[in-house]
Amino acid sequence: MRQNRHDGAGGALAVFRVFLWLGLTSFGGPIAHLGYFREAFVVRRRWIDEAAFADLLALCQFLPGPASSQVGFALGVLRVGGLRGGLAAWLGFTMPSALLLGACGLGAAAFTGPAAEGLLHGLKLVAVAVVAQAVWGMARTLAPDRPRAAIALVAVALVVFAGGTGQIAALVLGALAGLGLCRDAAPAPHGALAVPVSRRAGAVALALFAVILIGAPLAATLSGSQGVALFDAFYRSGALVFGGGHVVLPLLQAEVVTPGWATAETFLSGYGLAQAVPGPLFTFAAYLGAVMEPQPNGVAGAVIALVAIFLPGLLLVYGMLPFWDALRPRPTAQAAMRGANAAVVGILGAALYDPVWTSAVLAPPDFVLALAGFLLLTVWKAPPWVVVVALAAAGLLLRLI
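Going by numbering that gives the first Met the number 0, the first residue of the sequence shown is number 0, and it counts up by one from there.
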């Protein structure tokens, strides 16, 4: 295995520059991002070999959080030999889309009138097409057989009838069901990964993840601080995202729209807008933090939401790196994750109905446009930004005529 490493600030700066370019140019969502990473770091620069990249990808798909951002963070850690490289990679990859979406959130209040309403409705239809595509693709890969399809169906029912609490119950029950129903699948291929993180440092990161997860809601309740409550809501959402960035949609909807911090219309419009920018989908948090009705909002809200939603995934991948070789081959862990991933399909399927479909498809033309966007993505393989432009323009046209 070949793994080049550059130490010090110079190495971290080089990592930042490479990931900044990727953050500016990586359109297409998490799966596309991983393809860009492989081309950039395995094929062209040879920072890591194919086997190590495959093992790193397996770790980040095993953990909750934004998989492409976690892979990028871990690549930075491996390249520089520590946390500095991981933070440089995360900042470079995240900053462009976070700034764009945060700026859109800051300007959202001034965006009014018939033309604005038409554009925003078009963006909500983009959300229908994108989430439908995500459900379709994830169902084929994460729920391809009868047991996992059944787990997904039960998850849909739990979320539909129990709301936000049903999401956590669906994940837990899915993992438990996977222990009994999902042991027959072929084991994942095993690569080789040289990790510059000690087990002690990994254990500290995992402990910090758990302390914040448990302590943040207690601190929010005891202090009554909206800022702490905002951090807690986005941290918990980031900590429970299994199966891809789109799964954050129902989690954030329960945390942000249900308590009235943002309207469903503003939420879905921002989610549609997030499809048009490069980089990680989790930067949608910057938009939401900026448009919050209670303070802190604006720049402060955007920063709090952005840091909070990424922090759990980064703590987990940093903490698990030194333990991954020992954990990964265990059939119990593999089976539980298959069950949890099947439940994720159901959670996202429930979100496709409510709030995505119920808030966007209000008339027959809306259905036609949403279906057209879905077909553009799945059949004609159009880039997401093309669908954003097309449906936003169609929404504007319908509103004006």
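In this text, a Cβ means the ideal position worked out from N, Cα and C, and glycines have one as well.
Checklist entry - Among residues of its own chain, excluding the 5 on either side of R1, which ones have a beta-carbon nearer than 7 Å to its beta-carbon? => result Reliability fails at R1, whose pLDDT of 45 lies under 50, so the model's placement of it is uncertain and the value that follows must be treated cautiously. Cβ within range, chain order: R45, D48.
Checklist entry - In whole angstroms, what separates the C-alpha of Y317 from that of S68? => result Looking at the two C-alpha atoms, the distance is approximately 12 Å.
Checklist entry - Apart from the five residues just before and just after L395, which ones in its own chain have a Cβ nearer than 7 Å to its Cβ? => result A114, G117, L118, G121.
Checklist entry - DSSP on T93, reduced to helix/strand/coil? => result Residue state, collapsed to three classes: helix.
Next on the checklist: According to DSSP, is G168 part of a helix, a strand, or is it coil?
Outcome noted: The residue you asked about is not Gly; residue 168 is Ala in the sequence shown. Here A168 sits in helix by DSSP.
Checklist entry - Is there contact between the stretch 305-315 and the stretch 121-141, where contact requires at least three CB pairs shorter than 8 Å? => result Under the three-pair Cβ rule at 8 Å, the stretch 305-315 does not count as touching the stretch 121-141.
Item to check | G91 to V247 span [Cα, whole Å] | outcome: Between G91 and V247, the C-alpha separation is close to 22 Å.
Next on the checklist: Between the alpha carbons of R327 and R398, how many angstroms are there, rounded?
Outcome noted: Distance between R327 and R398, taken at the CA atoms: about 53 Å.
Item to check | Alpha carbon of L272 to alpha carbon of G278, nearest angstrom | outcome: Just so you know, the alpha carbons of L272 and G278 end up roughly 13 Å apart.
Checklist entry - What do you get for I346, buried or exposed, if any count of 16 or more other CB atoms within 10 angstroms of its CB means buried? => result I346 should be labelled buried.
Next on the checklist: Just to confirm my understanding: we take P383, look at its own chain, exclude 5 residues before and 5 after, and list those with CB closer than 6 Å. What are they?
Outcome noted: Cβ neighbours of P383 within its own chain (closer than 6 Å, five residues either side excluded): Q274.
Item to check | Length of the line joining the Cα atoms of A362 and L124 | outcome: Looking at the two C-alpha atoms, the distance is approximately 12 Å.
Checklist entry - In whole angstroms, what separates the C-alpha of A389 from that of L152? => result For A389 and L152, the distance between alpha carbons rounds to 33 Å.
Checklist entry - Quick one: what's got a C-beta closer than 6 Å to W135's C-beta in the same chain, skipping five residues either side? => result Around W135: no qualifying Cβ.
Checklist entry - Roughly how many angstroms lie between the CA atoms of L280 and L221, to the nearest whole one? => result L280 and L221 have their alpha carbons spaced roughly 32 Å apart.
Item to check | Residue closest to A466, alpha-carbon to alpha-carbon, out of G372, E292, V240, R145 | outcome: With the chain running from 0 to 400 in the structure shown, residue 466 is simply not present.
Checklist entry - Among the residues of its own chain, which have a CB less than 7 Å from the CB of G226, if the five just before and after it don't count? => result Around G226: P295, I303.
Checklist entry - Candidates F208, F61, G71: which alpha carbon is nearest F40's? => result Relative to F40, the option among F208, F61, G71 whose CA is nearest is G71.
Next on the checklist: Once DSSP output is grouped into helix, strand and coil, what is the label at T220?
Outcome noted: In the structure shown, the three-state DSSP call for T220 is helix.
Checklist entry - At what residues does the alpha helix (DSSP H) containing G42 begin and finish? => result It is worth fixing the name first, because residue 42 is Val in this sequence and not Gly. Per DSSP, V42 belongs to no alpha helix (DSSP H) and is neither H nor E.
Checklist entry - Since V158 and P249 are thought to touch, with beta carbons under 8 Å apart, how far apart are those beta carbons, to the nearest angstrom? => result The Cβ separation is near 7 Å, so the contact holds.
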